[in-house]
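Colleague: The numbering of the sequence shown is the working numbering, which starts it at 469 and goes up by one.
Please see the structure below; I have some questions.
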Amino acid sequence: MGMTDLQRMVPASPRGRLDEAEFQRLKQADFRRPTATIAFAGAFLVFSLWLWDWAIDPLHAPDTFWLRILLSLSFLPYPLAVLAGMRRLLPLVFYGGVLWLQVVFLWILARLDGGAAYGIGGFMFWFIVPPLMSFILRLRDNVLGNLAVVAFPSLLAGPLGLLPQMDLLKLNALIVPAGLITIVGHAMIDRLLRRIYEYRWQLEWRSLAIDALAEGVVIIQGGAIRYANAAAAAMVGRAPEQIVGAALGDFVRIDERTDLTRPLRIDAPGGAAAWVRVSRADIVWQGKPATLVSVADVTEQQRADEALRKSEEHYRTVIDNVSETIIIAQGNRLVFANPRAEELTGFTVDELTARPFVQLLHAEDVALVADRYSRRMRGEEAERYTQFRVQRRDGSHVWVESSAVRILWNGEPATLAFLGDQTERRKADEALRHSEERYRLLVDHASEGILISQDGILRFVNPRIAELTGRGEAELVGKPLLDYIHADDRPVLVDRHRRRRRGEPVPSHEVFRLLRADGGIVWIEFSGVDVDWEGQPAVLSFLIDITERKRTEDELRRSEENYRHVIENSPVGITIVHGNRVMLANKALCRMLECGEEELLRMGSFLDLVHEDDAATMRAHAVRLVDAPEGGKAVVGFRIRTPSGKTVWVEGNTVQVQWQGKRATLSFIHDVTERRRLEESLKQTLAERETILERSIVGIALLDPKGRLRWANKAMGQIFGIDTERILGISLEPYYLSREAYMETGAAVSAAVLAGRHYEAELLMRRADGRLFWAQLSGKAVNASDLSQGTVWAIVDIDQRRRLEDELKRTSAERELILQSALVGIIYSRERRYVWVNRAFADMLGYRQDELIGQSSRILFPNEKSWREFGEQGYAVMARGEPFSVEWQMVRRDGSPFWAQTLGRNIDPDNPRAGSIWTIVDITARKQAEEEIRAALEKQKELNYLKSRFVSMTSHEFRTPLATILSSAELLKYYGGKLPESERAELIDAVESAVRRMTRMMDDVLVIGKAEADRLECNPAPLDVRDFCAKVIRETVRAEEAEGRRGDRIVFDMPADGIQAQLDEKLARFILGNLLSNGLKYSPNGGAVALAVRADEAQLRFTVTDSGIGIPDEDLPHLFEPFHRAKNVGTLPGTGLGLAIVKKAVDLHGGRIEVSSAPGKGSRFDVTLPR
């Protein structure tokens, strides 16, 4: 809660009379004990008046003793009832007791000679003491009770005959005025108490409101703190009473020179630093001058600003190092290409833009690219993503994927394309296809060559050996193995054979070349074990064709060289540090540090280069890196002192890696010296703008819904010549020209506020001394949805401007012809209204010139905030006599936005009210090009994120089946001859299951890829739903049983009559298959999975319900995103693609899918499709 909330709250608080019940409660609470004390004292006083009986009639006074005792005891029920809290019965107890006391008093008087005469005076007792005890009662009860007290003595003495000789006329003449005076006294006391309680209530409420403020409030008097609310005390970690009396300087230094427009730093609890924004005002506190200081905690805002600056640095890094090629084609040529295009093609940017772009394409791809480009340029629908080959300068070709959109370039249609190098991905796809073929061969046949030899003679070969040698099995058996070994490798195998015969250890694997019948050579990895063959010692050997692996190793060496080339030529400094010693440094880092690579490698510690002011921070950072986990990342900024003495600001992005078997730190170091300079410049500019806003000459006021002044700034008081504090809560009608002008303005303001618009007008108004002047008023509701909060107004004295306008009219004719011929928009404005515009500006906005004259410049801005910010910035700069130049978004007459380069200057720097001259240039085309480039970079960022998630998923999910295949293959390889047939079959089944699992994962990836690329088609056709569901259930059951899980847990529920629907069978199989498979997988302990089918005339509904582990609430919003898996799946396998495919298939049918789930209670999926 801030000061604005308190100001809004105070006028809204109840200010009328206290609630009657609350008023009575407060009186009872405060005066219960005093009232009881007075009553007990009254009882004693009544008994003590027995002495008065002796004064009247000493002879009969003893006869009144016991009556006096009775009179005193009759006082006691009332104080006891007060102390017991019997609030409702108190009036009856009190006034009933008083009437009874009058009866007893008359009995006493009747026993005394002269009692009738002296008793008239004695009755005055009942109008002196009882009112002191009864003011805690309700006023109504006191009025009625006192009337009864006045009338009852006459009734007792007269008609009832207790004292008939009493002069009733004298009695009434005395007690009637006394009774009336008592009633009036009760009314005055009741009113006084009510006002006291209301005032106390207001003080308590305001105190609570101030204590509830989130903004700190402190009152300073004589340099010491006299009051502090809880929020202020909490900022310094103390209670309010602990800082009252302390000096303000103990917590923060503020004097007349302190700039309160900027946040101040204070020491928060625990030694941490906190940032506050301080404002102060002079007040009177307890009759003496004091200072009210309000303190707002802006620590989080400061942190947010810092985070924003860091975010800006990150995005600038992405833009500067974008990995994609960006080109723009117009006509048949490229009109733009980024530096990445030079790396991709080998041509310079000038060479690229000087030739038709089709010359850069592979001949086979020209027709495809040209067709899509032509259709896109004609505005027709064309595929956004295209893969084709680009011809490099050296004649080689590079596969790229293009993402293209139609844009306007210099006002003409063009195509913006982002080209990503797909060469490596093509190679990976090709390698993946080869891998799939090898796994299929492994299922159909043994992938290794298997042979048995005795004394070097072949006794058995499998078909794979025949394939490897290019010879038939009959041709090989009985021949020496060495006949088919390359001559250079025979000595190694002969030596191996001899050592084995001698019982010496031999390597488990050997590599040699196998000679084929056609003269070719096959690289073989050989392993063997001793076995018995037909009762004789033999060697069982496994031969694996590693020719392809040899080729891959060669390619890997070449790839390593390529990566080394990338590091050496990267524009970003790259280094690897181990134990603070530099292990690797690229050329960019050497240039940055002005050191050679050898010099860096010999350096004792990288910290030797760190600036002395940052050395301690970097040493601490190095210590933290020692404990950081592998893969842990960090970002740190610091200064480096080069050997020449130059200071360079750098930013390092570090990650923990393994380097030559040891933990090391890989760092990417960016030179951010220029960026730091710009940040300092930005801070200075912001400070200057804050100063300008504080010196505003615009009067600002806040009015309540009835038009009464709540608050006004100093400029407001200066404009009207008044002390604004003295007219708070008063209407501003006296400052209008007449009551009619006031009422007319009020009606116009009400209409604007109710319509949600702001009100703006120029009016002739009256100063406090009676002088008339012209003022510009601009106002709007504080909150359009809650008009009770009032309106806020900006008032500008434009009297001088009016006179200047008259003067300007006399000279404008001479300049009109010159200015109308200018090609840029030119404006002469005064008080932000157009006095004159040229034709170019009117055409730019879509107005006629005469339509703009007199208009507020507000029509040029998209909203009030933009208009005010422009004015606050621009006129503040021009008030210093300087020109104001800025790029700003504005709007035309038809509402269309455009960007303008504006330049403004005051005609008279010493008199801003004389007006200003502005020039406007439309720069929309340039701004649009910048925005399109930023949007493209954001798209690339999103694609990189999805690619990372895909790589993470595939590396994790492929590891298990690949491990199964590898372990099964090794068992077959080394122990295939020893294993029983059933175990060999079991290993082959495990390989088949793993391959099927990988195939399903690849199918899911391909399907989601088609869906994301909008290439997944939906072709509905008539389908018998019962047969379709039965087929899907059978397929799911077989798949589950193949994975070793029970598949007979599906419960199918469908009406007996058949259902026909128009569905794409393939997509529908994706939907049901994935939902049923997930239900079985995530239902532990053999839980059942129910499939229910229902239909009406328009829709078909599939409901799949399981009793599985359920889905956490936080995962439900992301359930259908690719690669997303719930947090509670544990070690259950999965890719996170199944439900994403289901959602895509449902959307293609035009249907919807709904899910309800709770952890541990299972899940229910409802799929509704049109029939």
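C-beta: ideal position from N, C-alpha, C; glycine also.
Applying the criterion that 16 or more other CB atoms from any shown protein chain within 10 Å of the CB defines a buried residue, is residue 1604 buried or exposed?
Modeller: It is buried - the Cβ of residue 1604 has at least 16 other Cβ atoms within 10 Å.
Colleague: For residue 748, which option in 686, 553, 1212 has the closest C-alpha, if you only look at C-alpha atoms?
Modeller: Residue 748 has its Cα closest to that of 686, out of 686, 553, 1212.
Colleague: Is the Cβ-Cβ distance between residue 993 and residue 977 less than 8 Å?
Modeller: Closer than 8 Å, so yes.
Colleague: DSSP three-state call for residue 1178: helix, strand or coil?
Modeller: DSSP places residue 1178 in strand when its eight states are reduced to three.
Colleague: Does the distance from the CB of residue 1108 to the CB of residue 1140 come in under 8 Å?
Modeller: Contact flag unset, no.
Colleague: Restricting to runs no shorter than 4 residues, where is the alpha helix (DSSP H) found entirely within the segment 1478-1534?
Modeller: Fully enclosed alpha helix (DSSP H) runs of 4 or longer: 1493-1510.
Colleague: Quick one: Cα of residue 962 to Cα of residue 949, how far?
Modeller: Straight-line Cα distance between these residues: approximately 10 Å.
Colleague: Scan the segment 918-981 and note each continuous beta strand (DSSP E) run of 3 residues or more that stays entirely inside, going in chain order.
Modeller: Runs found: 925-929.
Colleague: Report the option in 872, 1522, 1403, 1549 whose CA atom is closest to the CA atom of residue 1496.
Modeller: Of 872, 1522, 1403, 1549, the residue nearest in Cα terms is 1522.
Colleague: What's the C-alpha gap between residue 932 and residue 1010?
Modeller: Each residue's alpha carbon lies about 10 Å from the other.
Colleague: Should the segment 533-540 be regarded as contacting the segment 548-557, the criterion being three or more beta carbon pairs within less than 8 Å?
Modeller: No, the segment 533-540 is not in contact with the segment 548-557.
Colleague: Assuming the contact rule is C-beta atoms closer than 8 Å, residue 715 and residue 692 should be a hit. Round their C-beta distance to whole Å, please.
Modeller: Indeed, because the Cβ distance is near 6 Å, the residues count as touching under 8 Å.
Colleague: Could you name the residues of the same chain whose beta carbon sits closer than 8 Å to that of residue 540, not counting the 5 residues immediately before and after it, in chain order?
Modeller: Once the five neighbours on either side are set aside, the close Cβ partners of residue 540 are 511, 512, 514, 515.
Colleague: Hey, which unbroken runs of the alpha helix (DSSP H) at 4 residues or more fall wholly within the segment 1034-1068?
Modeller: Counting only runs of 4 or more, we get 1055-1061.
Colleague: Three-state secondary structure (DSSP) at residue 1342?
Modeller: The answer is helix: DSSP assigns residue 1342 an H, G or I state.
Colleague: Does the separation of the CB atoms of residue 1568 and residue 1493 fall below 8 Å?
Modeller: Result yes, Cβ atoms of residue 1568 and residue 1493 sit closer than 8 Å.
Colleague: Closer than 8 Å by C-beta to residue 426: which residues in its own chain qualify, once you throw out the five before and the five after it? Chain order, please.
Modeller: No answer is possible for residue 426: it lies beyond the span of the chain, which begins at 469 and ends at 1639.
Colleague: State yes or no: is the C-beta of residue 1260 within less than 8 Å of the C-beta of residue 1250?
Modeller: Cβ distance < 8 Å, so residue 1260 and residue 1250 count as in contact.
Colleague: When the Cα atoms are used, what is the spatial distance from residue 1243 to residue 1231?
Modeller: Near 5 Å, if we compare the C-alpha coordinates of residue 1231 and residue 1243.
Colleague: Take residue 1573 as the anchor and find which of 1228, 1544, 1594 has the nearest alpha-carbon.
Modeller: For residue 1573, the nearest C-alpha among the options comes from 1544.
Colleague: Could you tell me whether the Cβ atoms of residue 1297 and residue 1334 are closer together than 8 Å?
Modeller: For residue 1297 and residue 1334, no; Cβs fall outside 8 Å.
Colleague: Label residue 1043 either buried or exposed according to how many other C-beta atoms from any shown protein chain fall within 10 Å of its C-beta, with 16 as the threshold for buried.
Modeller: By the 10 Å Cβ count, residue 1043 comes out buried.
Colleague: May I have the straight-line CA-CA distance separating residue 1193 from residue 753, to the nearest angstrom?
Modeller: Using only the alpha carbons, I get a separation of about 16 Å.
Colleague: For my contact list, residue 1404 and residue 886 are in at a C-beta cut-off of 8 Å; report their separation, rounded to the angstrom.
Modeller: Yes, they are in contact, since the Cβ atoms of residue 1404 and residue 886 sit about 6 Å apart, within 8 Å.
Colleague: Spatial neighbours of residue 1175 within its chain, please: C-beta separation below 6 Å, excluding the five flanking residues on both sides.
Modeller: Closer than 6 Å at the Cβ level, and outside the excluded window around residue 1175, lie 1199.
Colleague: Using DSSP with H/G/I as helix, E/B as strand and the rest coil, what is residue 1623?
Modeller: In this structure, residue 1623 counts as strand in the three-state DSSP scheme.
Colleague: Where in the segment 1345-1413 do unbroken runs of the beta strand (DSSP E), each at least 3 residues long, occur, reported from the N-terminal end onward?
Modeller: With a minimum length of 3 residues, the continuous beta strand (DSSP E) runs that stay inside the segment 1345-1413 are 1352-1359, 1365-1374, 1384-1390.
Colleague: Is residue 1105 helix, strand or coil by DSSP?
Modeller: In this structure, residue 1105 counts as strand in the three-state DSSP scheme.
Colleague: With a threshold of 8 Å between beta carbons, is residue 550 in contact with chain D?
Modeller: Among the protein chains of the structure shown there is no chain D, as only one such chain exists.
Colleague: Three or more beta-carbon pairs under 8 Å between the segment 800-807 and the segment 820-829, yes or no?
Modeller: Output reads yes: the segment 820-829 touches the segment 800-807.
Colleague: Residues in the same chain with beta-carbon distance under 7 Å from residue 1578, minus the five sequence neighbours each way, listed in chain order, please.
Modeller: So the qualifying residues of the chain are 1625, 1626, 1627, 1628, 1629, 1630, 1631.
Colleague: Return the residue from the list 1065, 953, 1206, 916 that minimises the CA-CA distance to residue 1014.
Modeller: Considering only alpha carbons, the answer is 916.
Colleague: Between residue 1172 and residue 1258, which are expected to be in contact by the criterion C-beta below 8 Å, what is the C-beta distance as a whole number of angstroms?
Modeller: Contact holds; Cβ gap of about 5 Å.
Colleague: In three-state DSSP terms, what is residue 1241?
Modeller: In this structure, residue 1241 counts as strand in the three-state DSSP scheme.
Colleague: Tell me the DSSP bridge mates of residue 756?
Modeller: For residue 756, which the question treats as bridged, DSSP gives the partners 753.
Colleague: Comparing C-alpha positions only, which one of 1381, 971, 1185, 1276 sits nearest to residue 1235?
Modeller: Among 1381, 971, 1185, 1276, the Cα nearest to that of residue 1235 belongs to 1185.
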